[in-house]
Every structure is written in structure tokens, then in C-alpha cells.
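Asks: Mind having a look at this structure? Questions to follow.
Listed below in C-alpha cells is the structure:
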């Protein structure tokens, strides 16, 4: 599999449950913009069967290299970001994992049971990151138990291994003078932005500004009933030059912490 094939498959899966992303993408293209991706985010658990070391394999095979590490203590998450070794136009990859050892015994037991229910061979599949929820059932009761402690874990239970969000590279847009201008356009076009920590997370002094839509609502068929729950969102990132003149390539943990809340239904209801 080539880099482009992998990225295309990730986009297809993401767009299938995030129709707003396709609409925003098309709307910007109609304005004459050429859309470039800043980064793609993936979620997982830190169980040795599916942790970052497992999920990163396919990206490493197509030429990505590990570049940075990030900790999110309040959400019990750890993450790494990757950049392509030769294709500077390829989006960064951001992979996070839930630190199960810092979660309750109850949540740990649920996640272990979920993974135990799978054919172990699926975890050795090179394309695991494209496989979605590989476990056999979707119980609303289990979803709600996870949701009480970790929205991240509940999201993973429903959606599994796929892109959690794509991110428009605002530096590549020609018709907007700032991220605020882009935000105004997105809001005036009918979408609601994640306002946690402010609609723009980060500052020029931190060399990165980020904003995002709230996640789309997607109909999920649980064993007990069908329910609309948050799926994925579209992010926007504007990077600033470092002292050497090159754009900053990393991420700001405090900003990303707030971006994670774009899929949190409790927060969405109060946005």
C-alpha cells in the first residue's frame, strides 16, 4: 500500500460518517481553494494488542517517522505524532491511546473483554487502522458504562480503528487572512465550532492555532436500540514560523486537550 492509498482509505471511511467534512471541503473548493491536510488523528487503547506501537506500523511502512510525544493527564491519554520522511506534502499523523492503567478496574475489565472477544489474528492485520470496530457486538449498556468514565473509550468502542478527524491546513488557503476569518466563514455557513477553551486554541506565540467543528451525529445500531451519537469532526490548523523561518511542525498539548472535546456529547449539549 502506498501513502496516498492509505490516506485515501482513511478519508473515505471518515467522510462516510462525517458528511459535514465533505460539505466544508466542497464549499472551500468552490471558493477556489486547494485543500491540503495538516494532520490526521487516530485513537486507540494502550493494550499491547492494539497500542500505538501496533497502530503505527502501517504508517512506518509507508515512510512516516516518529517526531513528538504528548501527555494529557486529565484525559489519561498519551500520544505521538509522525511526519513523512520524504513527502513533505503528506499530512502529519497523530496517534493517541487511552492509558488503561490509569483508569478504573471496571473500565479496564470492559476493554479487556472487548478485545478478548475478537479473533486475535485481526490484531496482526497490517490494515488494522482501517478496520473500524473489530469486536462483535455494540451494547448500549457497555457504551454508557464507558461514557460515564471516558468519552474517549466510549467513542473507541463504537467506531474503533479509523481516522477520528482530518485537519485543513489553513496556511495553504489563499482567501483567508487569519484562522478567525476561516472560523467566521465556517460559522456563517451553518456549522458550530468547538468553543471549549475558546474557539481558537493556541496563539501565534505558541506557533500553532487550532479550531474545529463539533462532531457530526451518526446513527448507531446498538444491540438494544438505535441511537444518534457523535462521530467525527473537521479541524483547522494555522502554523507560524519558528526562529529559523520554518513552520512549527508539532502540537500543543493544552490545545489538543480541548480539541478532543469535539466528540463529547455532554460538552456539545452545552456549547
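In our numbering, the protein residues as written are 52 to 322. Note that the Cβ used here is the ideal one computed from N, Cα and C, for glycine as well.
Can you give me the start and stop residues for the beta strand (DSSP E) that residue 271 sits inside?
Replies: 268–272
Asks: I need the straight-line Cα distance from residue 285 to residue 79, nearest angstrom please.
Replies: If you take the alpha carbons of residue 285 and residue 79, they lie about 13 Å apart.
Asks: By a C-beta neighbour count over all protein chains shown, 10 Å radius and 16 as the cutoff for buried, is residue 207 buried or exposed?
Replies: Residue burial annotation: residue 207 is buried, with at least 16 other C-beta atoms found within 10 angstroms of its C-beta.
Asks: Quick check: the Cα distance between residue 59 and residue 166, rounded to an integer number of angstroms?
Replies: Taking C-alpha positions only, residue 59 is separated from residue 166 by approximately 27 Å.
Asks: Using 10 angstroms around the beta-carbon of residue 230, count the other beta-carbons present and answer buried if the total reaches 16, otherwise exposed.
Replies: buried
Asks: Which ranges does the beta strand (DSSP E) cover as unbroken runs of at least 3 residues, wholly within the region 197–244, from first to last along the chain?
Replies: The region 197–244 contains these whole beta strand (DSSP E) runs: 214–220.
Asks: Look at residue 226 and residue 116 and say whether their C-beta atoms are less than 8 Å apart.
Replies: no
Asks: Whether or not the region 198–216 and the region 272–288 are in contact is what I'm after, with contact meaning three or more pairs of Cβ atoms, one per stretch, closer than 8 Å; do they touch?
Replies: yes
Asks: Pick from 315, 268, 144, 86: whose alpha carbon is nearest that of residue 67?
Replies: The shortest C-alpha separation from residue 67 is found at 268.
Asks: Identify whether residue 95 lies in helix, strand or coil by the three-state DSSP scheme.
Replies: Here DSSP, grouped into helix, strand and coil, assigns residue 95 to strand.
Asks: Given this structure, state the Cα-to-Cα distance separating residue 322 from residue 106, to the nearest angstrom.
Replies: Model confidence at residue 322 stands at a pLDDT of 47, short of 50, so the residue's coordinates are unreliable; what they give is reported in the following sentence. Rounded to whole angstroms, residue 322 to residue 106 spans 32 Å at the Cα level.
Asks: With C-beta atoms as the reference, is residue 119 less than 8 Å away from residue 132?
Replies: yes
Asks: Looking only at its chain, what residues have a beta carbon closer than 8 Å to the beta carbon of residue 259, apart from the 5 residues adjacent to it on each side?
Replies: 253, 288, 289, 290, 291, 299, 301, 302, 303, 306
Asks: In three-state DSSP terms, what is residue 312?
Replies: helix
Asks: Could you give the residue range of the beta strand (DSSP E) that holds residue 112?
Replies: First-last for residue 112: 108–112, but that is the alpha helix (DSSP H), not the beta strand (DSSP E).
Asks: Report yes if the C-beta distance between residue 233 and residue 264 is below 8 Å; otherwise report no.
Replies: no
Asks: Would you check if the region 176–184 and the region 148–164 touch, i.e. whether three or more CB-CB distances between them fall below 8 Å?
Replies: no
Asks: State the CB to CB distance for the pair residue 102 and residue 217, rounded to an integer number of angstroms; the pair is presumed to be in contact (CB under 8 Å).
Replies: In fact, because the Cβ distance is near 23 Å, the residues do not count as touching under 8 Å.
Asks: Is DSSP giving residue 322 helix, strand or coil here?
Replies: At residue 322, the pLDDT of 47 sits below 50, so the modelled position is not reliable and the matter cannot be decided from this model.
Asks: Here's the rule: buried if 16 or more other CB atoms are within 10 angstroms of the residue's CB, otherwise exposed. What is residue 81?
Replies: exposed
Asks: Sort out for me which residues DSSP pairs residue 286 with in a bridge.
Replies: 218, 263
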